[in-house]
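Reading through the structure tokens given below for one structure.
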Amino acid sequence: MALNPDIIGSIIKGCIKGDRQAQYTLYNGYKIYLFGVCMRYARHRQEAQDMLQEGFILIFRDMKSFSGKSNIKTWMNRVMVNSCLMHIRKFRKIEFSDIENDRLENIHFTKDVFQEMDRANAIIHLIQQLPVAHQTVFNLRAMEGYSFKEISQQLDINEATLRSHYARARKQLQKFLDKEFKGNE
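One gets our numbering by counting positions in the sequence shown from 1 and adding 27 to each.
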């Protein structure tokens, strides 16, 4: 449910003042969209729920810094991505030095995933199976649209290393999708 643009300004003002009803309205208006963002960075649904909760705490805490120059959805997306990255740094190790070939070669599903889930959920599930470094770089580049320079600054990692992880993630995803689509024709 997207919020009506005519009332979003008053909801933002209410959130800045700490009005619980305004916060609840904002949360309900964007929780599904932002949960989708979290699912791309999480390993499972529970972790995504934790990321969502942590992200909304930051959104409400930092709402006063929202300038209004961009769309509130865009601003909240950026805060949520940053929250997901903080969660990953805190609870999972991002290893950029090791390409983790074994893990890449062993990604598989026990049943035909495209028949059990809709394709979007299946792709998200596949992204979740990537090694943390590949998953993070792929999401930031392909899904969020960050440049390699921005990702490099965000993660404090060499751009060449990021490009390598991104290429490997894409290659593995493409390999799996080719196999699935050829098998389902």
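Glycine is no exception: its CB is placed at the ideal position from the N, C-alpha and C atoms.
Item                                                                                                                                                  : Value
Leaving out five residues before and five after HIS192 in sequence, what residues of the same chain have Cβ atoms less than 6 Å from its Cβ?          : ALA160, HIS161, VAL164
Looking only at its own chain, which residues have a Cβ that is under 7 Å from the Cβ of ILE43, when we skip the five neighbours before and after it? : MET90, LYS91
When the distance is taken between beta carbons, is GLN181 closer than 8 Å to LEU6?                                                                   : Because residue 6 is not part of the residues shown, which for the chain are 28 to 212, the question remains open.
In whole angstroms, what is the alpha-carbon distance linking LYS59 and ILE151?                                                                       : Note that residue 59 is Ile in the sequence shown, not Lys. Straight-line Cα distance between these residues: approximately 15 Å.
Taking the CB atoms as reference points, tell me whether ALA49 and ILE35 lie closer together than 8 Å.                                                : no
Give the C-beta separation of CYS65 and LEU79 to the nearest angstrom, bearing in mind that I take them to be a contact with Cβ-Cβ under 8 Å.         : 5 Å
Could you give the first and the last residue of the continuous alpha helix (DSSP H) run that contains ALA160?                                        : 159 to 165
Does the beta-carbon of MET196 have 16 or more other beta-carbons within 10 angstroms, so that it is buried, or is it exposed?                        : First, the residue type needs correcting, since residue 196 is Ala and not Met in the sequence shown. Label assigned to ALA196: buried.
On the criterion of 16 or more Cβ atoms from any shown chain inside 10 Å, does TYR51 qualify as buried, or is it exposed?                             : exposed
Could you work out which residue in ARG70, ALA75, GLY56, ASP33 is closest to GLN155 when comparing CA atoms only?                                     : ARG70
Could you compute how far the alpha carbon of PHE62 sits from the alpha carbon of ALA187?                                                             : 30 Å
With DSSP run on the structure shown, which of helix, strand or coil describes ASP89?                                                                 : helix
Report the option in TYR57, LYS117, TRP102, ARG67 whose CA atom is closest to the CA atom of ASN148.                                                  : ARG67
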